[in-house]
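Encoded as structure tokens, the structure appears first; notes follow it.
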Amino acid sequence: MIKVLFFAVLRERLGTSEVAVEDFHGSTVADLIQHLEQRSLKWHQELASQDVLAAVNQQLVSHTYVIEAGDEVAFFPPVTGG
Amino acid sequence: MQNVKIHVYEANFDVGEEYRYLADDAKFGAVVTFTGLVRELQSGKLTAMTLEHYPAMTEKALAAIVSEAQERWPLGRVTVIHRVGRLTLNEQIVFVGVASAHRNAAFAAAEFIMDFLKTRAPFWKKEHTNDGDYWVTAKTSDEQAAQRWQANKDALDNEG
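Residue numbers (our numbering), protein chains in the order written: chain P, 2 to 83; chain E, 1038 to 1197.
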């Protein structure tokens, strides 16, 4: 199982802060995004954006990063702190 | 990390107190501090903002940024404080303080930490205005500010 978290505008637009993905057989962050996009047109629109950043186990990664079972994956828009 | 203080919380901070901590080591003769505040929008309609973050990742991301600064410059004490939650106009948001033996390293490291905090640390601002609530979008200029440090490093590596 993979725990997937969403933050900020992405969390609001998807209407959830966390989903558990049981049946993920892809390998990379990009594969996981494609998998989640199949949930609905809204998910497709929100996640297809080039701007979605990904972190795996609390580290920023590129979309080619390979996910392992048990990982915590987070998706969020470009950061705006400071 | 030794000499590194990283805090993410809702409470306010006292710049004087943070400065005294940074300055309290005679080996380091330069202290640079930066404080970021909630600024009014050009429209004059901002009433407050809410800072969201990714709690499990935030302190790790800030520690990684500070650690990279320590690799580039000889630093003494380093403090990074970032507030979260709802903040009103003119309230303090962020504090970065760096001690070093000389001013060049202290200035550069403080700017480096802020540039990377703004582009790599998982914080998001939502502005509350008289017209509604809006998520702040990332600025290209902030990303460019962070990238120029990589360019600086490449140039130095090539010289070496």
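Ideal placement from N, C-alpha and C gives every residue a C-beta, glycine not left out.
Check: CB contact below 8 Å: E:GLY1073 versus chain P; Outcome: yes
Check: Nearest-angstrom beta carbon gap, E:PHE1050 and E:SER1137 [assumed within contact, 8 Å]; Outcome: That belief does not hold up - the Cβ atoms of E:SER1137 and E:PHE1050 are roughly 21 Å apart, past 8 Å.
Check: Under 8 Å between C-beta atoms of E:VAL1135 and E:VAL1115; Outcome: yes
Check: Contact set for P:TRP44: own chain, Cβ-Cβ below 7 Å, skip 5 residues either direction; Outcome: LEU15, LEU37, GLU38
Check: Residues of its chain near E:LYS1042, where Cβ-Cβ distance is below 6 Å and the 5 sequence neighbours each way are ignored; Outcome: THR1116
Check: 4-residue-minimum alpha helix (DSSP H) runs that sit fully inside the region 1130-1182 of chain E, ordered along the chain; Outcome: 1140-1157
Check: Exposure label - E:PRO1111; buried when at least 16 CB within 10 Å; Outcome: exposed
Check: Simplified DSSP assignment, three categories, for E:THR1095; Outcome: helix
Check: Contacting positions in the region 1148-1167 of chain E - beta carbon closer than 7 Å to chain B; Outcome: Protein chains P and E are contained in the structure displayed, whereas chain B is not.
Check: Beta carbon proximity, P:GLY27 to chain E, threshold 8 Å; Outcome: no
Check: Between the CA atoms of E:ASN1040 and P:PHE8 - distance to the nearest angstrom; Outcome: 31 Å
Check: Pair within 8 Å by beta-carbon distance, P:ALA75 and P:ALA56; Outcome: yes
Check: Three-state secondary structure assigned by DSSP to E:ALA1100; Outcome: helix
Check: Cβ contact (3+ pairs, closer than 8 Å) linking the region 1087-1101 of chain E and the region 1055-1065 of chain E; Outcome: no
Check: is_contact[P:THR17, chain E] using C-beta, thresh 8 Å; Outcome: no
Check: Selection of the region 1072-1097 of chain E by Cβ proximity to chain P, strictly under 8 Å; Outcome: GLY1073, LEU1088, GLU1089, HIS1090, TYR1091, ALA1093, MET1094, LYS1097
Check: Sequence-distant residues of the same chain with beta carbon closer than 6 Å to P:THR65, five excluded per side; Outcome: THR29
Check: Backbone CA spacing between E:MET1038 and P:GLN60 [nearest angstrom]; Outcome: 18 Å
Check: For E:HIS1119, the residue or residues it bridges with in DSSP; Outcome: E:VAL1045, E:VAL1131
Check: Of the listed residues P:GLU19, P:LEU48, P:LEU42, P:ALA21, nearest to P:ALA31 (C-alpha basis); Outcome: P:LEU48
Check: Contacts that P:ALA9 makes with chain E (C-beta to C-beta distance below 8 Å); Outcome: GLU1089, TRP1161, LYS1163, TRP1172
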